[in-house]
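Protein chains in written order, with this note's numbering: chain A, 17 to 171; chain B, 17 to 171; chain C, 17 to 171.
The beta carbon of each residue, even a glycine, is placed where N, CA and C say it ideally should be.
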Amino acid sequence: MPPAALTLAMEVNQALPAFLLCSTLLVIKMYVVAIITGQVRLRKKAFANPEDALRHGGPQYCRSDPLVERCLRAHRNDMETIYPFLFLGLVYSFLGPNPSIARAHFLLFFLGRVAHTVAYLGELPAPSRSLAYTLAQLPCASMALQILWEAARRL
Amino acid sequence: MPPAALTLAMEVNQALPAFLLCSTLLVIKMYVVAIITGQVRLRKKAFANPEDALRHGGPQYCRSDPLVERCLRAHRNDMETIYPFLFLGLVYSFLGPNPSIARAHFLLFFLGRVAHTVAYLGELPAPSRSLAYTLAQLPCASMALQILWEAARRL
Amino acid sequence: MPPAALTLAMEVNQALPAFLLCSTLLVIKMYVVAIITGQVRLRKKAFANPEDALRHGGPQYCRSDPLVERCLRAHRNDMETIYPFLFLGLVYSFLGPNPSIARAHFLLFFLGRVAHTVAYLGELPAPSRSLAYTLAQLPCASMALQILWEAARRL
Numbered sequence: 017m018p019p020a021a022l023t024l025a026m027e028v029n030q031a032l033p034a035f036l037l038c039s040t041l042l043v044i045k046m047y048v049v050a051i052i053t054g055q056v057r058l059r060k061k062a063f064a065n066p067e068d069a070l071r072h073g074g075p076q077y078c079r080s081d082p083l084v085e086r087c088l089r090a091h092r093n094d095m096e097t098i099y100p101f102l103f104l105g106l107v108y109s110f111l112g113p114n115p116s117i118a119r120a121h122f123l124l125f126f127l128g129r130v131a132h133t134v135a136y137l138g139e140l141p142a143p144s145r146s147l148a149y150t151l152a153q154l155p156c157a158s159m160a161l162q163i164l165w166e167a168a169r170r171l
Numbered sequence: 017m018p019p020a021a022l023t024l025a026m027e028v029n030q031a032l033p034a035f036l037l038c039s040t041l042l043v044i045k046m047y048v049v050a051i052i053t054g055q056v057r058l059r060k061k062a063f064a065n066p067e068d069a070l071r072h073g074g075p076q077y078c079r080s081d082p083l084v085e086r087c088l089r090a091h092r093n094d095m096e097t098i099y100p101f102l103f104l105g106l107v108y109s110f111l112g113p114n115p116s117i118a119r120a121h122f123l124l125f126f127l128g129r130v131a132h133t134v135a136y137l138g139e140l141p142a143p144s145r146s147l148a149y150t151l152a153q154l155p156c157a158s159m160a161l162q163i164l165w166e167a168a169r170r171l
Numbered sequence: 017m018p019p020a021a022l023t024l025a026m027e028v029n030q031a032l033p034a035f036l037l038c039s040t041l042l043v044i045k046m047y048v049v050a051i052i053t054g055q056v057r058l059r060k061k062a063f064a065n066p067e068d069a070l071r072h073g074g075p076q077y078c079r080s081d082p083l084v085e086r087c088l089r090a091h092r093n094d095m096e097t098i099y100p101f102l103f104l105g106l107v108y109s110f111l112g113p114n115p116s117i118a119r120a121h122f123l124l125f126f127l128g129r130v131a132h133t134v135a136y137l138g139e140l141p142a143p144s145r146s147l148a149y150t151l152a153q154l155p156c157a158s159m160a161l162q163i164l165w166e167a168a169r170r171l
């Protein structure tokens, strides 16, 4: 493998650029949720650590807050779903999938996860968040089954 | 790298199909823990978000529950251990390991993590859960040290 | 790809050994945080599960503890930052980056995350922990943008 193996692979593997785009945008989306959490902590004066509370007004601000908890749950749900996608999508991209079908998988996951974050942080009425979650899990289940199939028959 | 690079690699790399099988089955196992958590929330009427509680009976059901907390801890422990395995196992599989030894690593981790989930959700007496955890960490430590060794001597 | 594809790749890709070293050391660092958490639970007699408390003195030890919570927050922050690095760094290493610049990225992230753990567990005054966090996120943002750039132009 040459040092630019992925750059070269993107020229012949049409699934790969779509995967790298969707996955990296979702990682950046997670970074944005982390930044929002920090901003909400500052605005609501609700810190998890005494040393942070001391710097921002006093020890009474070491406390929990419903909106901070919501941000943390949104971020945790991202870790439960986006991290497996990084793995499954990378492996799936190198199993020679049909490029259009692969792109549809990545796009569905991407849109589902963006909708999930909007529904979570925007406190949209149920079941919008659950629907977005389920929608995004479908391509993951599909990719997982295809990887299992390819791996099991070569054991 | 051709679009089906991993499909081709599985023909000559006997460690790879075993890794992809174990890792993908464990990702699916994590998805199952997430589904169980959702079912327990519905059965115990214990929701983390007011909008979910409102849809399922009223705001009084936005509350915590010991069994839901247990599911969340099991899932979190999976994130602390299975995600690093996805990385370490993939890298290790391409360092040319002895196929039988590699398969033993993956199988030990797989069985340890399945036992961990069974012990956690089944509330088995201590130290069954800790033993399963430790058992699964052994092949991870072994793979990490082998990666370090190969990387450090090529710096 | 031969079974030792990464071993061979390390001979020609000078970014790769540095990435594998930094990433694997950080995974080991996370394992150490998990071990510290377990030790603090034993020392403070503060367990998350009734079955663990029963084994270590009685049901009254199923309780939370500020230092245990701190360890859990440090570990969670690692999951929010180190896991994306494993993905971004691996992809970036195969985009043919300048070896010196790539090594500077990995080293900055590595030092930032070690400093973050020291600041968190050592309860150093703010904003030392936040500074370490921000420092480590800079190379991640840089790698994410470079991956986006390479992927978007090949869509």
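What are the complete alpha helix (DSSP H) segments, minimum 4 residues, inside the segment 98-141 of chain C? Segments of the alpha helix (DSSP H) lying fully in the segment 98-141 of chain C: 115-137.
Less than 8 Å between the C-beta atoms of M46/B and I98/B, yes or no? Your numbering for residue 46/B matches position 30 in the second sequence. Your numbering for residue 98/B matches position 82 in the second sequence. In terms of Cβ geometry, M46/B and I98/B form a close pair [threshold 8 Å].
From F35/B to L102/C, what distance separates their C-alpha atoms? Residue mapping note: residue 35/B aligns to position 19 of the second sequence, counting from 1. Residue mapping note: residue 102/C aligns to position 86 of the third sequence, counting from 1. Answer to the nearest angstrom: the Cα atoms are 18 Å apart.
Chain-order list of residues whose beta-carbon lies under 6 Å from that of P155/C (same chain, five-residue window excluded): Your numbering for residue 155/C matches position 139 in the third sequence. Hits under 6 Å: H121, L124 and F125.
Any beta-carbon of chain B closer than 8 Å to the one on Y47/C? Within the third sequence, residue 47/C is the residue found at index 31, counting from 1. With 8 Å as the cut-off, Y47/C counts as an interface residue toward chain B.
I want to know whether the segment 22-39 of chain A touches the segment 99-119 of chain C - three or more CB-CB distances under 8 Å. yes
Residues of the segment 71-100 of chain B with a CB closer than 7 Å to any CB of chain A: list them in chain order, please. R71, H91, M95 and Y99
Determine whether the beta carbon atoms of R57/C and V84/C lie at a separation below 8 Å. To locate residue 57/C, count along the third sequence from 1; it is residue 41. To locate residue 84/C, count along the third sequence from 1; it is residue 68. Yes, the pair counts as a contact, with Cβ atoms nearer than the cut-off.
8 Å Cβ shell around L137/B - same chain, five flanking residues per side excluded: Translated into positions along the second sequence, residue 137/B becomes position 121. The beta carbon of L137/B sits closer than 8 Å to those of V49, I52, R86, C87 and A90, all from its chain and outside the five residues before and after it, given in chain order.
Given that a residue counts as buried once 16 or more other Cβ atoms are within 10 Å of its Cβ, and exposed if not, what is P19/A? Reading the first sequence from its first residue, position 3 is the one you call residue 19/A. Residue environment: P19/A is assigned as buried (16 or more neighbouring CB atoms within 10 Å of its CB, all protein chains considered).
Based on Cα-Cα distance, which residue from Q76/B, L111/B, A69/B and R145/B lies nearest to L32/C? Residue numbering aside, residue 32/C sits at position 16 when the third sequence is read from its first letter. For the residues Q76/B, L111/B, A69/B and R145/B, the minimum Cα distance to L32/C belongs to L111/B.
Which partner residues of F63/C appear in the DSSP bridge assignment? For this step, residue 63/C is matched to residue 47 along the third sequence. F63/C pairs with C78/C.
Alpha helix (DSSP H) segment containing P155/C, residue limits: What you label residue 155/C is simply residue 139 of the third sequence in a count that begins at 1. Per DSSP, the unbroken alpha helix (DSSP H) holding P155/C starts and ends at S144 to A168.
Residue of H72/C, A25/C, Y77/C and N93/C minimising C-alpha distance to Y149/C: Start at 1 with the first residue of the third sequence, and residue 149/C comes out as number 133. Checked all of H72/C, A25/C, Y77/C and N93/C; the closest Cα to Y149/C is N93/C.
The alpha helix (DSSP H) spanning A20/B covers which residue range? Here residue 20/B corresponds to residue number 4 of the second sequence, with the count starting at 1. Looking at the DSSP string, A20/B is not in any alpha helix (DSSP H), and its letter there is neither H nor E.
Got a sec? Which residues, its chain only, sit under 6 Å from G128/C by beta carbon, not counting five neighbours each side? Locating residue 128/C in the third sequence gives position 112, where the first residue counts as 1. Only A148, L151 and A152 meet the Cβ criterion.
Please classify H72/C: does DSSP put it in a helix, a strand, or coil? Numbered from 1 along the third sequence, position 56 holds the residue referred to as residue 72/C. Note: H72/C maps to coil in three-state DSSP.
Can you tell me which of the three DSSP states Q55/A falls into? Residue numbering aside, residue 55/A sits at position 39 when the first sequence is read from its first letter. It is helical.
Between the Cα of I117/B and those of R79/B, Q162/B and Q55/B, spot the shortest distance and give me the residue it belongs to. The sequence position of residue 117/B within the second sequence is 101, counting from 1. For I117/B, the nearest C-alpha among the options comes from Q162/B.
Proximity to K60/B [Cα-Cα], best of D81/B, L41/B, P115/B and S144/B: In the second sequence, counting from the first residue as 1, residue 60/B sits at position 44. Checking every option, the nearest Cα to that of K60/B belongs to D81/B.
Minimum C-alpha distance to R170/C - residue among A21/A, G73/A and M26/A: Within the third sequence, the letter at position 154 stands for residue 170/C. Nearest neighbour of R170/C by Cα position, chosen from A21/A, G73/A and M26/A, turns out to be M26/A.
Helix, strand or coil: which one does DSSP assign to N93/A? For the purposes of this step, residue 93/A is taken as the residue at position 77 of the first sequence. Three-state DSSP puts N93/A in a helix.
Could you compute how far the alpha carbon of A157/C sits from the alpha carbon of G73/B? Here the question's residue 157/C lines up with position 141 in the third sequence. Here the question's residue 73/B lines up with position 57 in the second sequence. Near 43 Å, if we compare the C-alpha coordinates of G73/B and A157/C.
Measuring straight from C-alpha to C-alpha, what distance separates L70/B and I44/B? Taking the second sequence and counting its residues from 1, the one referred to as residue 70/B is at position 54. Taking the second sequence and counting its residues from 1, the one referred to as residue 44/B is at position 28. Approximately 30 Å, taken between the alpha carbons.
Neighbour list for M26/B in chain A, Cβ cutoff strictly below 8 Å: Counted from its first residue, the second sequence places residue 26/B at position 10. The contacting residues are E166, A167 and R170.
For the ligand GTP, is there any heavy atom lying closer than 7 Å to the beta carbon of F103/C? The ligand GTP is not part of the structure shown, which contains no ligands of any sort.
By Cβ distance, which residues of its chain are closer than 7 Å to R79/B, with the 5 residues on each side in sequence left out? If you number the second sequence from 1, residue 79/B lands on position 63. Counting only Cβ-Cβ distances below 7 Å, and skipping sequence neighbours, we find A62.
Chain-ordered neighbours of P18/A on chain C, where CB pairs are closer than 9 Å: Mapped onto the first sequence, residue 18/A falls at position 2. Within 9 Å Cβ-Cβ: A25, V28, N29, F110 and G112.
Using CA atoms only, rank isn't needed, just tell me which of R145/A, P143/A, P100/A and A135/A is closest to T40/B. On the second sequence, position 24 is the one that residue 40/B refers to. Residue P100/A is the option with its Cα nearest to T40/B.
Compare the Cα-Cα distances from A135/C to each of E139/A, Q76/A, E166/A and D68/A and report the closest residue. As a position in the third sequence, residue 135/C is number 119, starting the count at 1. Cα-wise, what sits closest to A135/C is D68/A.
Would you mind telling me which residues of chain A sit closer than 7 Å to I117/B, beta carbon to beta carbon, in chain order? Walking along the second sequence from the start, residue 117/B turns up at place 101. Simply none; closest approach about 16 Å.
Below 9 Å on C-beta distance, what does Q153/B contact in chain C? Walking along the second sequence from the start, residue 153/B turns up at place 137. Residues of chain C passing the Cβ test: Y47 and A50.
Given a cut-off of 8 Å on the beta-carbon distance, is the pair A21/A and M95/B in contact? Position 5 of the first sequence, counted from the first residue, corresponds to residue 21/A. Position 79 of the second sequence, counted from the first residue, corresponds to residue 95/B. No. Outside cutoff.
How should A167/A be labelled, buried or exposed, when 16 other C-beta atoms within 10 angstroms of its C-beta is the threshold for buried? By 1-based counting over the first sequence, the position of residue 167/A is 151. Burial call: buried.
Would you report the Cα separation of L42/C and R119/C, rounded to the nearest angstrom? Here residue 42/C refers to the residue found at position 26 when the third sequence is read from its first residue. Here residue 119/C refers to the residue found at position 103 when the third sequence is read from its first residue. Computed Cα separation, rounded: 15 Å.
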